[in-house]
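The structure appears below as structure tokens.
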Ligand SMILES: [Zn+2]
Ligand SMILES: [Zn+2]
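Numbering (the UniProt record's numbering), first residue to last: 1 to 400.
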């Protein structure tokens, strides 16, 4: 697949070849042609890889040939009907692809550009974008109704509307996305790395960098060492934290955490019923850490994260998405000055901050090869969910 992209890009480098290759793509993919996509028909049902129709891009949109995608825990949550059960739906929000065609009004992207999707935009002029306090743009917001910003879908199956996931749907050979929700990437970036940076790893990294702005010399604990947690460790390391404690129930995560800068590891399963907050305090002279990041999305662990921080000045960040509608929080740590803060996409703004991460990736500052443990073809997408349950699994790459 890498060779395919290289070939494609080489082709685009030459104007004459570009015309030929693009014509080939157009011949292969006229509007109305069927493409393969993983469709989820109902709550918790296995996905079915079927032929769907993907419409041409409309105003401000691009159609992207997805080169590879990856599986994030949030996909599994949406497959179970999380937030709003919308079916049939094409899941997938991590991925990377090449722009196949552009809609009217698209100026900053062209056919052949490589892009990654994002689920938040950044207009740089709304109240939220201007505030410097949040990445939740008001003009290009988080879209949860499974449709494009204009309220319609670009995908269908036998005439029936298919819902998108956020503003994309990467588990499809082609996807249509609004250009306000994509980031162009350098062709030298490894495709799997680009896919991982489109959500999980960046979310964790951003939470330590942008949300917490971890101070040099501070102590940090990260609960849950998936791609998000490992990103938080990397972010804390870059910010100069001196003690970075990783917590997980999977012993195989010890080595992974160390690869990203973790200094201490707690295997919570080795301590039976002792609360995680106490285990973290034991490692920090009884006081707790300066910053704690909850990356599992398991409701009760949010309180554990809060209790694991220093009295009065500890800061706790909710990073992992979960299904608990409400959680129980101890009152006293907050009353005494502690901070509990939520975060989406690690507080990253896609135009201001994501290019910085992509540059670091290009310069090999991130050890992202450590994340890639398994690969499947799109037709074996259900296997990806099984693999995710395995101890040695971190990220599953989905090849098209
Ligand atoms: Zn905005
Ligand atoms: Zn995600």
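A virtual CB, placed ideally from N, CA and C, is assigned to each residue, including glycine.
Check                                                                                                                                                                           : Outcome
Suppose you measure from the CA of residue 186 to the CA of residue 272; what does that come to, to the nearest Å?                                                              : 47 Å
Report buried or exposed for residue 401, applying the criterion of at least 16 other Cβ atoms within 10 angstroms of its Cβ.                                                   : Residue numbering for the chain in the displayed model covers 1 to 400; residue 401 lies beyond these limits and cannot be assessed.
Ligand 2 and residue 94: does the residue's C-beta get closer than 7 Å to at least one heavy atom of that ligand?                                                               : yes
From the DSSP output, which residues share a beta bridge with residue 163?                                                                                                      : 89
What's the C-alpha gap between residue 63 and residue 165?                                                                                                                      : 15 Å
With a cut-off of 5 Å, give the chain-ordered residues whose Cβ is closer than this to any heavy atom of ligand 2.                                                              : 72, 74, 199
Just to check my reading of the structure: residue 277 and residue 241 have Cβ atoms closer than 8 Å, yes? What is that Cβ distance to the nearest angstrom?                    : With 8 Å as the limit, residue 277 and residue 241 do not qualify as a contact, their Cβ atoms being about 19 Å apart.
On the DSSP bridge assignment, give the partners of residue 130 in chain order.                                                                                                 : Answer is none; residue 130 lacks a bridge partner.
Where do the N-terminal and C-terminal ends of the alpha helix (DSSP H) with residue 405 fall, by residue?                                                                      : Since the first residue of the chain shown is 1 and the last is 400, residue 405 is not available in this structure.
Can you tell which of 323, 319, 226, 139 has its C-alpha closest to the C-alpha of residue 256?                                                                                 : 226
Could you have a look at residue 154 and say whether DSSP puts it in helix, strand or coil?                                                                                     : coil
I need the straight-line Cα distance from residue 9 to residue 154, nearest angstrom please.                                                                                    : Note on residue 9: pLDDT 39, under 50, position unreliable in the model; the coordinate value appears next. The alpha-carbon atoms of residue 9 and residue 154 are separated by roughly 26 Å.
For residue 373 and residue 94, what's the separation of their Cα atoms in angstroms?                                                                                           : 16 Å
Here's a check: name, in chain order, each residue in its chain whose Cβ is nearer than 7 Å to the Cβ of residue 390, leaving out the five neighbours to either side.           : none
Count the C-beta pairs between the stretch 118-133 and the stretch 78-87 that are closer than 8 Å, then say yes if the count reaches three, no if not.                          : no
Tell me whether residue 238 sits in a helix, a strand or coil according to DSSP, three-state version.                                                                           : helix
With a threshold of 16 other CB atoms inside 10 Å of the CB of residue 23, please say whether the residue is buried or exposed.                                                 : Note on residue 23: pLDDT 44, under 50, position unreliable in the model; the coordinate value appears next. That one is exposed.
Compute the Euclidean distance between the alpha carbons of residue 275 and residue 283, then round it to the nearest angstrom.                                                 : 13 Å
When the distance is taken between beta carbons, is residue 169 closer than 8 Å to residue 53?                                                                                  : no
Excluding the 5 residues preceding and the 5 following residue 146 in the sequence, name in chain order all residues of the same chain whose CB lies nearer than 8 Å to its CB. : 84, 86, 89, 153, 163, 164, 165
How about residue 138: is its Cβ closer than 7 Å to a heavy atom in ligand 1?                                                                                                   : yes
Return the bridge partner residues of residue 117 from the DSSP annotation.                                                                                                     : 182
For ligand 1, is there any heavy atom lying closer than 7 Å to the beta carbon of residue 180?                                                                                  : no
Using the three-state DSSP reduction, which class does residue 27 fall into: helix, strand or coil?                                                                             : Only weak support exists for where residue 27 lies, its pLDDT of 45 falling under 50; the coordinates are left without a value.
Does the stretch 116-123 come close enough to the stretch 330-346 that 3 or more CB-CB pairs lie under 8 Å?                                                                     : yes
Look up residue 221 in the DSSP assignment and give the residues it is bridged to.                                                                                              : 245, 292
Under the three-state reduction of DSSP, which class applies to residue 170: helix, strand or coil?                                                                             : coil
According to the neighbour-count rule (16 or more other Cβ atoms, all chains shown, within 10 Å of its Cβ), is residue 388 buried or exposed?                                   : buried
Would you call residue 211 buried or exposed, if buried means 16 or more other Cβ atoms sit within 10 Å of its Cβ?                                                              : buried
If you count every other CB in all the chains shown that lies within 10 Å of the CB of residue 57, and 16 or more means buried, which is it?                                    : buried
Taking the straight line between their C-alpha atoms, what separation do you get for residue 250 and residue 264?                                                               : 14 Å
Would you say the beta carbon of residue 315 is closer than 7 Å to some non-hydrogen atom of ligand 1?                                                                          : no
Between residue 236 and residue 223, how many whole angstroms is the CB-CB distance? I'm expecting something under 8 Å.                                                         : No, residue 236 and residue 223 are not in contact; Cβ-Cβ is about 13 Å, not under 8 Å.
For a quick check, are the C-beta atoms of residue 234 and residue 366 less than 8 Å apart?                                                                                     : yes
Would you identify the three-state DSSP class for residue 35, choosing helix, strand or coil?                                                                                   : strand
What do you reckon, are the CB atoms on residue 98 and residue 67 nearer than 8 Å?                                                                                              : yes
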